[in-house]
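Taking mature numbering (1 follows the signal peptide of the UniProt record, and there is no 0), I'd label the letters of the sequence shown as residues -23 to -1, 1 to 208.
Cβ atoms here follow ideal geometry from the backbone N, Cα and C, with glycine treated the same way.
This one's a predicted model, so the numbers in the text were calculated from it and none came from an experiment.
Down below is the structure, laid out as structure tokens.
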Amino acid sequence: MKHHLSFIFKLLIILNLSVVCLCASESEEEFDFFYFVQTWPGSYCDTKHSCCYPKTGKPASDFGIHGLWPNYKDGSYPSNCDPDSVFDKTQISDLVKSLQKSWPTLSCPSNEGFKFWSHEWIKHGTCAESVFDQREYFEATLKLKEKVNLLQILKNAGIKPDDEFYELESIRDAIEEATGFTPGIQCNVDSSRNSQLYEIYMCVETSGSEFIKCPVLPKGRCASSVQFPKF
């Protein structure tokens, strides 16, 4: 009987340790790569919802950053990983001008951008706290924008924001030829239900500094020919 109780006691300890280990592994769960996502402002604004320019004025006619999003290879993604994390604008005070230029908000009502950046940090950035603190997250994302000039790449291929329609394959090929990597492309529709170039996804390795081949591409709802609207 004594031996039996001793066995049960040992078994309970092993099971308890297993649960502790499982919880630890789940809390330290890592992501596989980042999506670096840029938005074409002409397509954001050219919908029935329209847009509002930020308080600093109309943004440049260029792709703007949407975010840097941790992702898993199966297509799922973590979000809101640290409910205790609070966005602290003082940590990015020296980056604000760069953010307003490269990561502008177009949401309504008109604002300075802090709400947009706060959302991106809390939803996505907190899931990369093993790599970045808040300031490093925004700094690394801005550096990625400097590494790939999507608008110039497309213009070099004769694809311009002139309200004309371009073959989706031509857009994808131009970016792949210039960067070495196949992008993900998302489209939205204007009030006339035209499919238009909306967002471009590039994949980045987990340190957040180098582009890589995408383990999985987002499923874009694009027509074979898409409009590239003016802005």
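8 Å Cβ cutoff met for residue i and residue j
i    : j    : result
S20  : N171 : no
G185 : I162 : no
G90  : P36  : no
D59  : E106 : yes
F8   : T183 : yes
V181 : F11  : yes
C111 : D65  : One detail in the question is off: residue 111 reads as Gln in this sequence, not Cys. Cβ distance < 8 Å, so Q111 and D65 count as in contact.
S168 : K25  : yes
With 16 other Cβ atoms within 10 Å as the buried cut-off, status of residue i
i           : result
P160        : buried
V63         : exposed
P192        : exposed
G102        : buried
F(-17)      : For F(-17), the predicted structure reports a pLDDT of 45, less than 50, and the residue's modelled location is therefore unreliable. A value from the coordinates is still provided. By the 10 Å Cβ count, F(-17) comes out exposed.
D23         : buried
K74         : exposed
V(-5)       : Bear in mind that the predicted position of V(-5) carries a pLDDT of just 37, short of 50, making it too unreliable to give a figure here.
K122        : buried
residue 209 : Residue 209 is absent from the model: the chain starts at -23 and stops at 208.
Q129        : exposed
E187        : exposed
K190        : exposed
Whole-angstrom C-beta distance between residue j and residue i, which should lie under 8 Å
i    : j    : result
L174 : F205 : 5 Å
C104 : C28  : Not confirmed; about 27 Å, so no contact.
V203 : F142 : 7 Å
N48  : K100 : At roughly 13 Å, the Cβ-Cβ gap does not stay under 8 Å, so N48 and K100 are not in contact.
E153 : S201 : So it is not a contact: roughly 17 Å between Cβ atoms.
Q77  : E176 : Contact flag wrong, Cβ pair sits at about 20 Å.
Inset, instruction - Check whether the stretch 77 to 90 touches the stretch 29 to 42, taking contact to mean three or more Cβ pairs, one atom from each stretch, closer than 8 Å. - result: yes
Legend entry - Minimum length 4: unbroken alpha helix (DSSP H) runs contained in the stretch 10 to 48: 18 to 22
Legend entry - Three or more C-beta pairs below 8 Å linking the stretch 105 to 116 and the stretch 58 to 74: yes
Legend entry - Given 8 Å, three or more beta-carbon pairs between the stretch 47 to 56 and the stretch 120 to 135: Contact between the stretch 47 to 56 and the stretch 120 to 135 is absent, because fewer than three Cβ pairs lie under 8 Å.
Inset, instruction - Give, in chain order, every unbroken run of the beta strand (DSSP E) that is at least 3 residues long and sits entirely within the stretch 158 to 206. - result: Inside the stretch 158 to 206, DSSP marks whole beta strand (DSSP E) runs of 3 or more residues at positions 161 to 166, 172 to 181, 202 to 204, from first to last along the chain.
Inset, instruction - Output the residue ranges of the beta strand (DSSP E) runs that lie fully inside the stretch 40 to 108 and measure 3 residues or longer, sorted by chain position. - result: Here the runs fully enclosed are 41 to 48.
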